[in-house]
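S.K.:
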Amino acid sequence: MAKIKANKKTLIRWKVYIDRARMYIGYVQFLMIGFVFLEAYKETSIGILIFENLVLSIPILFMIFIILSLLIGRLDTVFGLREEELRNSSTSNPVMREVLANMEEIKAELKELKKKNEK
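Using my numbering, the letters of the sequence shown correspond one by one to residues 747 to 865.
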């Protein structure tokens, strides 16, 4: 039996794998919620129409889901929510702070070199 290394990097990699899986599970949960929602309206006129014509209504509902998802994603991009989330995440990340500090040092050194070359 292979020995499992449980150091810090391994645990973080496992967390990333779990987070990715959680994202895909979220898609399945969303579809299940949609079916539960439709089931709740099964006895209404719209629900009867949907369930009597499943061959037609499933592709239509799927397309509505795709279009709404794209619309929500577009609004997220237009309002800049994702960028702000990444900016906040990056500023709290010590590795990113170090990278940004190094970039600032490089910019300052480039300015000094340009000034020396201009003289």
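The C-beta atom is built at its ideal place from N, Cα and C for all residues, glycine as well.
What you are looking at is a predicted structure, and each value in this text was computed from that prediction instead of being measured.
So the candidates are Arg828, Ile794, Tyr773 and Val841; which of them puts its Cα closest to the Cα of phenylalanine 811?
M.R.: Cα-wise, what sits closest to phenylalanine 811 is Tyr773.
S.K.: From what residue to what residue does the alpha helix (DSSP H) around threonine 756 run?
M.R.: Residues 754-786.
S.K.: Could you tell me the alpha carbon to alpha carbon distance between glutamate 789 and isoleucine 813, rounded to whole angstroms?
M.R.: Taking the straight line joining both Cα atoms gives about 26 Å.
S.K.: Which class does glycine 826 belong to by DSSP, given the choice of helix, strand or coil?
M.R.: Coil, per DSSP.
S.K.: Give the single residue among Thr823, Glu864, Leu807 and Tyr763 whose Cα lies nearest to the Cα of phenylalanine 783.
M.R.: Answer by Cα proximity: Leu807.
S.K.: Where does glutamate 789 sit, in a helix, a strand or coil, going by DSSP?
M.R.: Reduced to three states, the DSSP call for glutamate 789 is coil.
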